[in-house]
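Note that full-length UniProt numbering has the sequence shown beginning at 1, numbered continuously upward. Following: one structure in structure tokens, then a few remarks.
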Amino acid sequence: MLVVSHLHSDTGRVRQPSIQSWGQPTTAGSAVLVIPGGRARSCEPASRANLAYQRMVPFARDLSRTVPAVWLLRYRYRGWNEPDRDPVRDARWALARLRERHPGARVALVGHSMGARTALRIADDPAVTAVCALAPWIEPGEPVDQLRGRAVLLAHGDVDRWTDPRASYRYAVRAKQATATTCRFVVHDSGHTMLRRRADWSGLVRRFVRGAFDPTATDALIAEAMTAPAPHGLSVALPRGTR
């Protein structure tokens, strides 16, 4: 039975992040934290009604069909807000709550845009085994050392006008030096919102997460991209009909 629940921080501060979860309420051995996009700067309160949040709901629902615990983070604020990096704080809060709810669970992170940047930043959490970064917002000098030992998949639409596919490629080259299990896919004819070829985006995420938790279920296309030496495996065209 699918159970959808909500979890809020109880520290008493005015603004707190929250979690919407899918899955069984019992302890799970594997879990996914889904992290939505946002803005460079904004102290506007984040809401589940925001398009950035709603964009990730179908991904969470889809993953919940095969992963026992899926959590979708709602930030306190909509912005990254350097130097505070509010979404990083919120995502680390979510990971701490997830570890409490599911001790020992292996965690895969799935983020979009600012959420992808956040996911990559918090990959150093000991529970994290895999990171899926969709249309990631990448700035010069983004760290990569925290990715060591993780499986990392980046995917970018080639007509994205909000985040730069070239920046994610350069990041992937550096990430590959930190962790050999890095790959990157190009989703042709798709932009930042992932509306075009949505089923292909979802299929790629599902295949990656399934393989991250069960090596016997590793997708052949992803495995080939992961094992290819750089720069091969970092600009792989995602086939149409990826389900």
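The beta carbon of each residue, even a glycine, is placed where N, CA and C say it ideally should be.
In this model, R161 and L51 are separated by some 17 Å (Cα to Cα). By the C-beta criterion, the segment 54-68 is judged to be in contact with the segment 19-39, since at least 3 inter-stretch pairs fall below 8 Å.
Shown here, R39 sits in a strand according to DSSP, grouped into three states. Here the C-alpha atom of V128 lies approximately 7 Å from the C-alpha atom of R150. Secondary-structure assignment with DSSP links F213 through no beta bridge to anything.
Separation of W71 and A31 (C-alpha to C-alpha, rounded to the nearest whole angstrom) is 8 Å. For the segment 119-179, the continuous alpha helix (DSSP H) assignments of 4+ residues that do not extend past its boundaries occur at 165-178, in sequence order. Between A119 and L134, the C-beta gap is not smaller than 7 Å, which leaves the two residues out of contact. The C-alpha of H188 lies about 10 Å from the C-alpha of A155. Residue pairing from DSSP places G23 in a beta bridge opposite A69.
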